[in-house]
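Peer 1: I am attaching a structure below and will ask some questions about it afterwards.
Chains as they are written, first to last, in this note's numbering: chain B, 1 to 165; chain F, 1001 to 1165.
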């Protein structure tokens, strides 16, 4: 979810501006971990409403709908670290992606227990475990890293080209 | 969780008694689906507090602790159907099984996405997908069913004998 279909950086920028009066851009935080880029990062992600207010990632709605028609789709979110996020994330999915049924949702801690053929994620800690086809969704924190064996995409349009040719 | 470490039948019996003044036992509902045994079943499982108040299954605490020391343990609960249950289930686990970290918790819809070596469950719909070692935990709803390829256990003591010989 976060960093793939949920644009959490938009919420980081908003919260950082509220705390410090500094309007950061994706360029400003490029190559930095979220915790380095935003000194109050932990306060934000444990706050009520942080995940619920995230905008939908540009282009994700239409393409995820098409993926859902062609593939057996699951939304797997490493949500367990943030207890307040569980209800918010389910509510967010129901609002923005109403075609995704509860049967297709997974909230976990570690993603190493997930068995699938393709994983789209922005975090190496999730992709590195996975033995199937791994797609690294570019986000500021991973932008300067070597993508290694993972296929890097810059946008949902790139995902469409790969998975819906 | 439900029917393996969380004794949801205890809560069903209590709610059914409150609604109908009828005190049922495990024998009374043996061989019946939960929805057949308890006419108001759906009302109960969608109620706030239903999952939070479930007693811990007899014997599960000490043995799960030992399993956690020997195995890489995950608690996988098909919780997504019941949105109100997500926070309750995490809170319940934190209270009763404090040695289980958030990294080990998975709340899903379908368990077919789960990759592991051993699954302990009371529902055929979860075990039948699973290609590893499957252990069927006896509960009233499955007690009269053929266990098929699954290894049936009657108690946590049985699990201890199999997995902690």
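Idealized CB from N, CA, C, for every residue including glycine.
Give me the residue from F:1133, F:1141, F:1090 and F:1027 with the minimum Cα distance to residue 1054 (chain F).
Peer 2: Looking at the Cα atoms, F:1090 is the closest of the given residues.
Peer 1: With a threshold of 8 angstroms, are at least 3 pairs of Cβ atoms found where one atom belongs to the stretch 1104 to 1116 of chain F and the other to the stretch 1064 to 1084 of chain F?
Peer 2: In short, these stretches touch, since the Cβ pair count reaches three.
Peer 1: Could you give the residue range of the alpha helix (DSSP H) that holds residue 125 (chain B)?
Peer 2: That run of the alpha helix (DSSP H) goes 124 to 127.
Peer 1: Taking residue 1113 (chain F) and residue 115 (chain B) to be in contact with their CB atoms under 8 angstroms, please state how far apart those CB atoms are, rounded to whole angstroms.
Peer 2: Yes, residue 1113 (chain F) and residue 115 (chain B) are in contact; Cβ-Cβ is about 6 angstroms, under 8 angstroms.
Peer 1: Is there contact here, the stretch 6 to 19 of chain B with the stretch 147 to 154 of chain B, by at least three beta-carbon pairs under 8 angstroms?
Peer 2: The answer is no - the stretch 147 to 154 of chain B does not touch the stretch 6 to 19 of chain B, with fewer than three Cβ pairs under 8 angstroms.
Peer 1: Would a check of beta-carbon distances place residue 30 (chain B) closer than 7 angstroms to chain F?
Peer 2: With 7 angstroms as the cut-off, residue 30 (chain B) does not count as an interface residue toward chain F.
Peer 1: Checking 7 angstroms against the spacing of the C-beta atoms, do residue 1087 (chain F) and residue 87 (chain B) come in under that value?
Peer 2: Taking 7 angstroms as the Cβ cut-off, residue 1087 (chain F) and residue 87 (chain B) qualify as a contacting pair.
Peer 1: Alpha carbon to alpha carbon, what distance is there between residue 1122 (chain F) and residue 1138 (chain F)?
Peer 2: Each residue's Cα considered, the two are about 6 angstroms apart.
Peer 1: Roughly how many angstroms separate the alpha carbons of residue 162 (chain B) and residue 67 (chain B), rounded to a whole number?
Peer 2: The straight-line gap from Cα to Cα measures roughly 11 angstroms.
Peer 1: Just the C-alpha distance for residue 1130 (chain F) and residue 14 (chain B), rounded to the nearest angstrom, thanks.
Peer 2: Spanning the two alpha carbons is a distance of roughly 44 angstroms.
Peer 1: From the beta carbon of residue 1123 (chain F), is the nearest beta carbon of chain B less than 7 angstroms away?
Peer 2: Chain B contact via Cβ: absent.
Peer 1: Skipping 5 residues on each side, what residues in its chain have a beta carbon closer than 8 angstroms to that of residue 172 (chain B)?
Peer 2: Because residue 172 (chain B) is not part of the residues shown, which for chain B are 1 to 165, the question remains open.
Peer 1: Mind checking whether residue 1096 (chain F) and residue 1056 (chain F) have CB atoms under 7 angstroms apart?
Peer 2: Against a cut-off of 7 angstroms, the Cβ pair of residue 1056 (chain F) and residue 1096 (chain F) comes out as a contact.
Peer 1: Which runs of the alpha helix (DSSP H), 4 residues or longer, sit entirely within the stretch 1096 to 1142 of chain F?
Peer 2: You should have 1124 to 1127.
Peer 1: Along chain B, in chain order, which residues have C-beta atoms closer than 9 angstroms to that of residue 1105 (chain F)?
Peer 2: Within 9 angstroms Cβ-Cβ: 80, 107, 108 and 109.
Peer 1: Label residue 1048 (chain F) either buried or exposed according to how many other C-beta atoms from any shown protein chain fall within 10 Å of its C-beta, with 16 as the threshold for buried.
Peer 2: Counting Cβ neighbours within 10 Å, residue 1048 (chain F) comes out exposed, since fewer than 16 surround it.
Peer 1: Considering only residues of the same chain and omitting the five flanking positions on each side of residue 6 (chain B), which have a CB-CB separation below 6 angstroms?
Peer 2: Cβ within range, chain order: 54.
Peer 1: Do residue 1127 (chain F) and residue 1134 (chain F) have their C-beta atoms closer together than 7 angstroms?
Peer 2: Yes, these two residues count as a Cβ contact at 7 angstroms.
Peer 1: Tell me whether the beta-carbon of residue 1011 (chain F) lies closer than 7 angstroms to the beta-carbon of residue 1002 (chain F).
Peer 2: Not a contact, by the Cβ cut-off of 7 angstroms.
Peer 1: Under the three-state reduction of DSSP, which class applies to residue 84 (chain B): helix, strand or coil?
Peer 2: It is coil, neither helix nor strand.
Peer 1: Could you list which residues in chain B have their beta carbon closer than 8 angstroms to that of residue 1097 (chain F), in chain order?
Peer 2: By Cβ distance, chain B contributes nothing, its closest Cβ being about 14 angstroms from residue 1097 (chain F), past 8 angstroms.
Peer 1: Does residue 151 (chain B) get closer than 7 angstroms to chain F when you measure Cβ to Cβ?
Peer 2: Not closer than 7 angstroms to any Cβ of chain F, the Cβ of residue 151 (chain B) fails to qualify, so no.
Peer 1: If you run the structure through DSSP and keep just helix, strand and coil, what is residue 1152 (chain F)?
Peer 2: Reduced to three states, the DSSP call for residue 1152 (chain F) is strand.
Peer 1: 7 angstroms is my cut-off, CB to CB: does residue 118 (chain B) come that close to chain F?
Peer 2: Judged by the 7 angstroms Cβ criterion, residue 118 (chain B) is not in contact with chain F.
Peer 1: Note down, in chain order, every chain F residue with its Cβ under 8 angstroms from the Cβ of residue 86 (chain B).
Peer 2: The contacting residues are 1086, 1087, 1090 and 1107.
Peer 1: When DSSP labels each residue in this structure, what does residue 1028 (chain F) get in the three-state scheme?
Peer 2: Reduced to three states, the DSSP call for residue 1028 (chain F) is coil.
Peer 1: Secondary structure at residue 69 (chain B), three-state DSSP: helix, strand or coil?
Peer 2: Residue 69 (chain B) falls in the helix class under three-state DSSP.
Peer 1: Name, please, each residue of chain F whose Cβ falls closer than 7 angstroms to the Cβ of residue 135 (chain B).
Peer 2: Result: empty, since nearest Cβ-Cβ is about 17 angstroms, beyond 7 angstroms.
Peer 1: Give the straight-line distance between the Cα atoms of residue 61 (chain B) and residue 1035 (chain F), rounded to the nearest whole angstrom.
Peer 2: Near 36 angstroms, if we compare the C-alpha coordinates of residue 1035 (chain F) and residue 61 (chain B).
Peer 1: Report the residues of the stretch 58 to 77 of chain B with a CB closer than 7 angstroms to any CB of chain F, ordered along the chain.
Peer 2: Listed in sequence order: 74.
Peer 1: For residue 1006 (chain F), write down the residues that DSSP places opposite it in a beta bridge.
Peer 2: DSSP lists F:1002 and F:1056 as partners of residue 1006 (chain F).
Peer 1: Does any residue of chain B have a CB that is nearer than 7 angstroms to the CB of residue 1005 (chain F)?
Peer 2: No - not a single Cβ of chain B is within 7 angstroms of the one on residue 1005 (chain F).
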